[in-house]
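Chemist:
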Amino acid sequence: MTATNPRTPASNPVRAAVHLDLRKDVALLTAALIDINSVSGNEKVLADAVEHALRRLPQLELVRDGDSIIARTNLGRAERVILAGHLDTVPLPVTEGSLGTVPSYWPSGAPGEGILYGRGATDMKGGVAVQLALAATMFDAGAEPDKDVTFVFYDHEEVEAVKSGLGRLVRNHGSMLGGDFAILLEPTDGTVEGGCNGTIRFEATTRGEAAHSARAWMGSNAIHAAAPILARLAAYEPQTVAVDGLDYRESLNAVKIHGGTAGNVIPDACVVEINYRFAPDKSPDAAEAVVRELLDGFDVVRTDSAAGARPGLTHPAAASFVAAVGAEPKPKYGWTDVARFSELGIPAVNFGPGDALLAHKDNEHVEADAIRECLRALRTWLGA
Ligand SMILES: [Zn+2]
């Protein structure tokens, strides 16, 4: 017997987890998830509610780690798919009158009809609601899922990568995350977005000699010396690279520049920060070689990188999923958590309700029917 219970009401004002009815209409379930504020770092109440609801489903093996949860079926099927989503959102809008906030809001006045506003409506409580609805109903009479499913809910996606709940799950429970194919239910407007570009950053530094700007000939100007770096970057024509049938458009840009100490001093150093978003046919090392060749002769230091992810759409599970969705798959340009699955050797795509361009906006919203359609597509594909 333990002497103390850290979850006694005295030490925790939340006496019981919020009750979520996973069987209600999935758009209404989305609204219920929005109503639980879960800005990054404050996912606990929502994670408690999700855990509480999933614990009532005896077919699921469940692990909780911090505010992340893994719930898996063990049906002994030949294939296992992973359905993953983050529980956190970006901070609430600060502008008075913003609709994309907490609680949720139905302008139609009829909950469940039309557009749903609220923080996380697109990114990505609609996707999380679809995961939960599937988990709750996939064993209903008549349903016969032909794949094992691993549901992953995680914290801290919208902040620095080192805090990622998914990264922590990979470290602490990697064996629970095996699978043949992963779907992240991030907003894609119902299309399949495969893989993602990688990202790598550099600092290119030029040096000069400080002098009074009234006698500039006594020094040498490091900012001027950076001009050829900018010229080469500006003239560079980024490539579009076909990987597993999808076209990945690359970007190579100066993203910051700093140098100089005062208005009357010739600058002795200048640093150009460079970001290269490279197609997933390249490793970060190969991407570095591209930039080093372009900036040959300059002092270039790599500061940060994250590999991309091949779309893996040739894998049978991925191919059958794309066929079930029925829409032409697209490449993902930004870096997403599909890369974490790719690192584990699991092909992964993004597929979820809502327009990604509305994510993080003050007027974040989603069509109720888009959430229902996403659920329908996944149910059909899973045979659930
Ligand atoms: Zn997201």
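Okay, so the sequence shown: first residue is 1 according to the UniProt record's numbering, each after it adds one. We put the CB at the ideal spot given by N, CA and C, even for glycine. Since this is a predicted model, take the numbers as computed values, not measurements.
Taking the Cβ atom as the reference point for each residue, do F341 and A309 lie within a distance shorter than 9 Å?
Modeler: In contact: F341 and A309 (Cβ atoms closer than 9 Å).
Chemist: I'd like the ranges of any alpha helix (DSSP H) spanning at least 4 consecutive residues and lying wholly in the stretch 250-330.
Modeler: Here the runs fully enclosed are 284-294, 316-325.
Chemist: Taking its Cβ as the centre, do 16 or more other Cβ atoms sit within 10 Å of L378, making it buried, or is it exposed?
Modeler: Burial call: buried.
Chemist: With 16 as the cutoff for other CB atoms within 10 Å, does T30 come out buried or exposed?
Modeler: Buried, because 16 or more other Cβ atoms sit within 10 Å of the Cβ of T30.
Chemist: Which one or two residues does DSSP pair with G198 in a beta bridge?
Modeler: Note: G198 sits in a beta bridge opposite F278.
Chemist: What three-state label does DSSP hand R80 in the structure shown?
Modeler: Strand, per DSSP.
Chemist: Could you tell me the boundaries of the alpha helix (DSSP H) in which S342 lies?
Modeler: S342 -> alpha helix (DSSP H) spans 338-343.
Chemist: Quick check: what's the CA-CA separation for T303 versus E288?
Modeler: Straight-line Cα distance between these residues: approximately 11 Å.
Chemist: Roughly how many angstroms lie between the CA atoms of S108 and E144, to the nearest whole one?
Modeler: Roughly 36 Å between the two C-alpha positions.
Chemist: If we ignore side chains and look at the alpha-carbon of each, how far apart do M135 and I70 end up?
Modeler: The sequence shown places Ala at residue 135, rather than the Met named in the question. Cα-Cα distance, rounded: 12 Å.
Chemist: Helix, strand or coil for D64 per DSSP?
Modeler: Before going on, a small fix: residue 64 reads as Arg here, not Asp. DSSP places R64 in strand when its eight states are reduced to three.
Chemist: Let's test the definition: count the other Cβ atoms within 10 Å of the Cβ of N264 and tell me whether it reaches 16, buried, or not, exposed.
Modeler: Classification of N264: exposed, given that the 10 Å Cβ count is below 16.
Chemist: For G127, which option in H365, E343, A384 has the closest C-alpha, if you only look at C-alpha atoms?
Modeler: Out of H365, E343, A384, H365 has the C-alpha closest to the C-alpha of G127.
Chemist: Return the first residue and the last residue of the alpha helix (DSSP H) that N172 is part of.
Modeler: That run of the alpha helix (DSSP H) goes 165-173.
Chemist: Can you list, in chain order, the residues of its chain whose CB lies under 6 Å from that of G312, leaving out five sequence neighbours each side?
Modeler: Contacts found: A318, P347.
Chemist: What are the start and end residues of the beta strand (DSSP E) that includes V26?
Modeler: Counting along the chain, V26 falls outside any beta strand (DSSP E), though it belongs to the alpha helix (DSSP H) covering 26-34.
Chemist: Determine the closest residue to A235 out of G114, L294, A17, with distance taken between C-alpha atoms.
Modeler: Ranking the options by Cα distance to A235, first place goes to L294.
Chemist: Grouping DSSP H, G and I as helix and E and B as strand, with all else coil, what is V50?
Modeler: Here V50 sits in helix by DSSP.
Chemist: Taking 7 Å as the limit between beta carbons, can you name the residues of its chain near V26, skipping five residues before and five after?
Modeler: A129, V130, A133, I371, R372, L375.
Chemist: Tell me which residues share the same chain as L246 and place their Cβ nearer than 8 Å to its Cβ, disregarding the 5 neighbours each side in the sequence.
Modeler: Closer than 8 Å at the Cβ level, and outside the excluded window around L246, lie G194, G195, P311, L313, P329, K330, P331.
Chemist: Quick one: Cα of D146 to Cα of F321, how far?
Modeler: Distance between the alpha carbons of D146 and F321: 13 Å.
Chemist: With a threshold of 7 Å on Cβ separation, who are the neighbours of P91 within its own chain once the five nearest residues in sequence on each side are excluded?
Modeler: So the list reads V39, once near-sequence residues are dropped.
Chemist: Tell me whether A359, by its Cβ, gets closer than 8 Å to a heavy atom of ligand 1.
Modeler: Answer for A359: yes, Cβ within range of ligand 1.
Chemist: What's the C-alpha gap between D268 and F202?
Modeler: One C-alpha to the other measures close to 20 Å.
Chemist: Just to confirm, are E51 and A84 a CB contact at a threshold of 9 Å?
Modeler: Contact: no.
Chemist: Apply the 10 Å Cβ neighbour rule to T4 and answer buried if 16 or more other Cβ atoms are within range, or exposed otherwise.
Modeler: Confidence at T4 is low in this model, with a pLDDT of 45, below 50, so its placement is unreliable and the value that follows should be read with caution. Exposed, by the Cβ-count rule.
Chemist: Taking a cut-off of 5 Å, which residues have a beta-carbon closer than that to any heavy atom of ligand 1, in chain order?
Modeler: With the cut-off at 5 Å, the residues found are D123, M124, E186.
Chemist: On the DSSP letters alone, give me the boundaries of the beta strand (DSSP E) that I115 sits inside.
Modeler: 115-117 is the span of the beta strand (DSSP E), which, as asked, contains I115.
Chemist: Pick helix, strand or coil for P6, following the three-state DSSP scheme.
Modeler: Confidence at P6 is low in this model, with a pLDDT of 46, below 50, so the placement of that residue is unreliable and no value is reported for it.
Chemist: DSSP on D247, reduced to helix/strand/coil?
Modeler: Here D247 sits in strand by DSSP.
Chemist: Using a Cβ-Cβ cutoff of less than 8 Å, which residues in the same chain neighbour A161 once the five nearest sequence positions on both sides are dropped?
Modeler: G167, A306.
Chemist: By DSSP's criteria, S220 is part of a beta bridge. Which residues make up the other side?
Modeler: Bridge partners of S220: E209.
Chemist: To which residues of the same chain is L382 closer than 8 Å at the C-beta, ignoring the five residues directly before and after it?
Modeler: The answer, listed in chain order, is V81, L134, M138, P145, D146, K147, V149.
Chemist: Check the DSSP bridge columns for R72 and list the partner residues they point to.
Modeler: DSSP, once it has assigned bridges, lists E61, T150 as partnering R72.
Chemist: Taking the beta carbon of L252 as the centre, do at least 16 other beta carbons fall within 10 Å, making it buried, or is it exposed?
Modeler: So L252 ends up on the buried side.
Chemist: Buried or exposed for T73, please, with buried defined as at least 16 other CB atoms from any protein chain shown within 10 angstroms of its CB.
Modeler: By the neighbour-count rule (16 or more Cβ atoms within 10 Å), T73 is buried.
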